[in-house]
Structure formats: structure tokens, C-alpha cells
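J.: Going by my numbering, the first residue of the sequence shown is number 916, and it counts up by one from there.
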Amino acid sequence: MTVKLIKEFSVFVQLVKAGKMTDAARVLGMSPATISQRLRHLEKELGVRLVNRNSRALKVTDEGRALFERLDTLMGDLEETAESVSQLAKGPHGTLRVWSTMGLGRHRIALLVKEFIARFPEVPVQLFLGDRPYDFVTEGLDVAIAIGQPEDSSLVARKLMDNRCYLVASPQYLATHPPLKRPEDLREHDCLILDCHASFKDYWPLVDDEGNRHGIKVRGRLHTDHSEVLRQWALDGMGIALKSAWDIQSFIDEGRLVEVLPEYRPPDLDFYVVYPERKYLPAKTRVFVEFLMDRMGQVDAAIMSTRAADIF
């Protein structure tokens, strides 16, 4: 019965939304007489009065209101499903707006975007980089690659990459400054401060091997909002930095940076791919997210083995 009444259901929903027979007729492109005929057929099939009407006005009954509330949601789902199928048939298309943190965006996401558009030429990509908060609404974003999960419950976050953090300094710096044995010793050192979104700034939370927390308020003469500048300062022997493993592991392997206080570990700052929570994502967003999830590990291994001099 339900399949046969889909047209009547649609007419009923539009009638209630319009509030007047003439307005519904204009929206539906039907005559008022045709709408009345379909409404009578629906009421007969359901065995209940849905709308009280006369020549001047109509009023939805309690039963009609209950039916409308259910149908309005269901009809919306049907339309969205049809649009989703249509998008799948067309394949991914349309401009994709992607935001990423600066360092990861330059050295990894940019490479993946280049590969993505070669595979999906019908999806131009606009890539925005910055160490700042992102906003899907005001910036019209489709995807964000960010540190940590968003507070907005309307967004979906999938972990893209583990991101362990270290305290590091150059051998030259450590050779000319007092030894570090415990977190409190950091207060007597030049600490390089990264002051940007999702950074620890000048408060470094450390955890020892037994799970004890050590929050240290550090100080230093050099502050920046750019993660790559901070890394260069550490390489130049300007102080101690709190850095992500993906960004400095090659320098540790080469001996240009040394881990400081290895028994005390900063929290991880894992990367997530974030996108709006929608039952039916546009094909361009869906394929890009899956592409990132599939390729990130492979690109990560390649980049980690690349010398920094080859990156710049």
C-alpha cells in the first residue's frame, strides 16, 4: 500500500507546508481539484481524516499532524538518497576545499593532493594552510586535516596519523648549558615557544614512566607561531623545543637533534581528517577522505626517510 501512496504522501506534505490549497497547487503544479482528489484517496486508504477543509481554509487534524511529522523526515531522506545515487552516477566532481596545518600541509598533504588530482581530474582542489583555528562554515571547507578532535559534535573526525612528541635540542646547545635531569630543570633553560592553535605554548605537560604528571611553565627569549621556524631555531642551537616526531625524526637519526628528558613524555598530538557529519557525503569529499586514509601511511614512510635538505 505504501508504495502506491508515495505520490499522495508527497502531495499531503506540500499541502500542510503551504497551508492553503491554492498555494499548494502553485508549488505542485496541480489544480486544487486534483489535490483534493488525491487527499481524499489518501484518507480513504488510511481510514482517517487528515485535514478538515472548507471553501476558505483548511486545518490539519491531530492524526494528520502526526503523519506529517513522520512523512516530512522520510521524504527528506528519500530526496537525499536520490541525490546521493545521482552523485555516485556522476562520479566525484566539483571543487574541493581542504584546510591543513602548515607543516604537515607543506610536506605531506600537498604531495597527496598532487596525486589525488591526477587520479580525479574532475575534482580541482583548493588547499589552505595555517596554524590557526579553522571554520567549515565561514571558509566553506569540505575537509580539514588538524591536530586533535573537534569540539563541534556536527563534525566527523577520523585519526589520520599518530603524532608522538619529543623534547629536543641540538648537541651544541646541550654541551654549553647545564644538564637536564628532571622537568623542573627546564625552568633554567632557554625554551623555544610555539604560540599557535593546538600548541602547548609555554606550559609543557609531561608524564613520567609511572604515569605521574609534571606540568612545567617554561620561559624563553624566542617565540613564534610557525612550527618550521621553531624547528630551525632548535637546529641552530637556540634552545629546547617541543616538537612532533614526524617533523624531527630524521634530524634525531642524523644526530643533529637529541631527545631531552626521555623519561618524561609530552602528550601525543595526533592528526585527524575532519569533515561535516552528513549521511550522504558528496562524492568528492568521500573519495578524498578514503584516499587520504589509504595513502597517508605510504607517504609517511617515504617522507620520513627523506633528508630535510631535499624537502626545502
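Even for Gly, the Cβ is constructed at its ideal location relative to N, Cα and C. For clarity, every value in this text was computed on a predicted model and none was experimentally measured.
Using DSSP with H/G/I as helix, E/B as strand and the rest coil, what is VAL928?
T.: In the sequence shown, residue 928 corresponds to position 13, counting from 1. Three-state result, VAL928: helix.
J.: Does the beta-carbon distance from LEU1011 to ASP1057 come in below 8 angstroms?
T.: To locate residue 1011, count along the sequence shown from 1; it is residue 96. To locate residue 1057, count along the sequence shown from 1; it is residue 142. Yes, the Cβ-Cβ distance between LEU1011 and ASP1057 is below 8 angstroms.
J.: Provide the residue span of the alpha helix (DSSP H) that contains SER951, from first to last.
T.: Counting from one through the sequence shown, the residue named residue 951 turns up at place 36. Note, SER951: alpha helix (DSSP H), 947 to 961.
J.: Ignore the nearest five residues each way along the sequence and tell me which others in ASP987's own chain have a CB closer than 7 angstroms to its CB.
T.: Locating residue 987 in the sequence shown gives position 72, counting from the first residue. Excluding positions up to five away in sequence, the list reads VAL928.
J.: Buried or exposed, going by whether 16 or more other CB atoms sit within 10 Å of the CB of TYR1118?
T.: As a first step, residue 1118 must be located in the sequence shown, where it is residue number 203. The residue is exposed, with fewer than 16 neighbouring Cβ atoms inside 10 Å.
J.: Check each candidate in CYS1080, ALA939, ASP1183 and name the one with the smallest Cα separation from VAL1175.
T.: Numbered from 1 along the sequence shown, position 260 holds the residue referred to as residue 1175. Minimum Cα distance to VAL1175 is reached at CYS1080.
J.: Determine the contact status of TYR1179 and LEU1070, defining contact as a CB-CB distance below 8 angstroms.
T.: Position 264 of the sequence shown holds residue 1179. Position 155 of the sequence shown holds residue 1070. Against a cut-off of 8 angstroms, the Cβ pair of LEU1070 and TYR1179 comes out as no contact.
J.: Tell me the start and end of each unbroken alpha helix (DSSP H) in the region 1075 to 1146 that is at least 4 residues and wholly inside, in chain order.
T.: 1086 to 1090, all fully within the region 1075 to 1146.
J.: Would you identify the three-state DSSP class for ARG964, choosing helix, strand or coil?
T.: Residue numbering aside, residue 964 sits at position 49 when the sequence shown is read from its first letter. Three-state DSSP puts ARG964 in coil, outside helix and strand.
J.: For VAL942, count neighbouring C-beta atoms within 10 Å of its own C-beta (all shown protein chains included) and say buried if the count is 16 or more, exposed if not.
T.: The residue labelled residue 942 in the question sits at position 27 within the sequence shown. So VAL942 ends up on the exposed side.
J.: Which of the three DSSP states is assigned to ALA1223 in this structure?
T.: Mapped onto the sequence shown, residue 1223 falls at position 308. With a pLDDT of 37 at ALA1223, under the threshold of 50, the modelled position of that residue is not reliable, and the figure given next carries that caveat. The answer is helix: DSSP assigns ALA1223 an H, G or I state.
J.: What whole-angstrom Cβ distance do TYR1187 and ALA1025 have, given they're in contact under 8 angstroms?
T.: Sequence index remark: in the sequence shown, residue 1187 carries index 272 (1-based). Sequence index remark: in the sequence shown, residue 1025 carries index 110 (1-based). The Cβ separation is near 18 angstroms, so there is no contact.
J.: Determine the direct distance from the alpha carbon of ILE1060 to that of PRO1020, and round the result to whole angstroms.
T.: Position 105 of the sequence shown, counted from the start, is the residue given in the question as residue 1020. Position 145 of the sequence shown, counted from the start, is the residue given in the question as residue 1060. According to the sequence as given, residue 1020 is Gly; it is not Pro. For GLY1020 and ILE1060, the distance between alpha carbons rounds to 8 angstroms.
J.: Check each candidate in LEU993, ARG955, ASP992 and name the one with the smallest Cα separation from GLY979.
T.: Counted from its first residue, the sequence shown places residue 979 at position 64. Nearest of LEU993, ARG955, ASP992 to GLY979, Cα basis: ARG955.
J.: If I'm right that VAL975 touches ARG953 with Cβ under 8 angstroms, what's the distance once you round it to whole angstroms?
T.: The sequence position of residue 975 within the sequence shown is 60, counting from 1. The sequence position of residue 953 within the sequence shown is 38, counting from 1. Not really, about 16 angstroms apart at Cβ, beyond 8 angstroms.
J.: Can you tell me where the beta strand (DSSP E) holding PHE1031 begins and where it ends?
T.: In the sequence shown, counting from the first residue as 1, residue 1031 sits at position 116. That residue, PHE1031, is in no beta strand (DSSP E); its alpha helix (DSSP H) goes 1025 to 1034.
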